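A short worksheet on the structure shown next.
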Amino acid sequence: MKTKHPFTMVAGLIVLASCGGGGGGTPVAPAPVATPTPAPVATPTPAPQPSPTPPCPTDPCEVPVENENKPVRITLRLFVVEDPSGGVFQYKQTDDGTPIIPVNFRFRLDIIAKDKKNKETKGSGNVIWHWDDNMIAVESLENVYHPTLRAIRGGNWCATAEMDDVFSNELCLDLRY
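The C-terminal position of the sequence shown is numbered 177 in this note's numbering, with every residue numbered one higher than the one before it.
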């Protein structure tokens, strides 16, 4: 009888193992071995190199005009309006399209002269401005084609430019308190 017992026990273990081992209904897989994640290698970011700024020979940084032919036409326009702190001001217009400039605000005019071939010209460079000095203060005439002015009184104000016996269009502004 002693010999029967170990055989029965071995046979029972074989039957038990073939049926799933007597544990739960799903087999358990061995846990995977974790592989270490490689640490990122820090590479220094190169410092940005500022691009060289070319010198600005004119305001607002455009190629200087070399043509000196006599102008046949001069166009005068309002270039920009600035508030007292120097910020660009989006001005309003009257019903007829006249720009409204608040008193104490700066504004820049701009003239463009064209020759008989419709090419931009600086002519003789002798620009004569016609305007009412009682309503504006001249802030800068450093660029005679591009004067900077400041409104000091309210009212309608008009300007024209003359160069080489040619007159520009008339530009009128409504200076308001």
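Each residue gets a CB set at the ideal place from its N, CA and C atoms; glycine is no exception. These numbers come from a predicted model, not from an experiment.
If you reduce the DSSP assignment to three classes, tell me which class residue i lands in.
i	result
residue 121	strand
residue 156	strand
residue 66	coil
residue 36	coil
residue 187	The question about residue 187 has no answer here: the residues shown for the chain are numbered 1 through 177.
residue 96	coil
residue 116	coil
residue 104	coil
residue 133	coil
residue 172	strand
residue 177	coil
residue 57	Residue confidence for residue 57 is low, a pLDDT of 46 falling below 50, so the modelled location carries little weight and cannot support an answer.
Hey, out of the options, whose CA is closest to residue i's CA?
i	options	result
residue 102	144, 75, 151 and 78	151
residue 82	170, 148 and 154	148
residue 71	141, 107, 112 and 36	112
residue 118	73, 177, 164 and 167	73
residue 169	129, 143 and 84	129
residue 105	159, 75, 137 and 142	137
residue 93	156, 124, 167 and 64	156
residue 144	80, 163 and 176	163
residue 179	100, 95 and 107	Missing from the structure shown is residue 179; the chain here goes from 1 to 177 and no further.
residue 133	142, 158, 125 and 109	158
residue 62	161, 146, 160 and 95	146
residue 131	125, 120, 166 and 161	161
residue 126	139, 84, 80 and 167	167
In the DSSP assignment, what are the bridge partners of residue i?
i	result
residue 88	82
residue 109	78
residue 163	127 and 166
Quick test of your reading: residue i and residue j, contact by CB under 8 Å. State the CB separation rounded to the nearest angstrom.
i	j	result
residue 78	residue 141	Rounded, the Cβ-Cβ distance is 17 Å, inconsistent with contact.
residue 181	residue 100	This structure cannot speak to residue 181, because the chain is shown only from 1 to 177.
residue 67	residue 122	7 Å
residue 120	residue 65	5 Å
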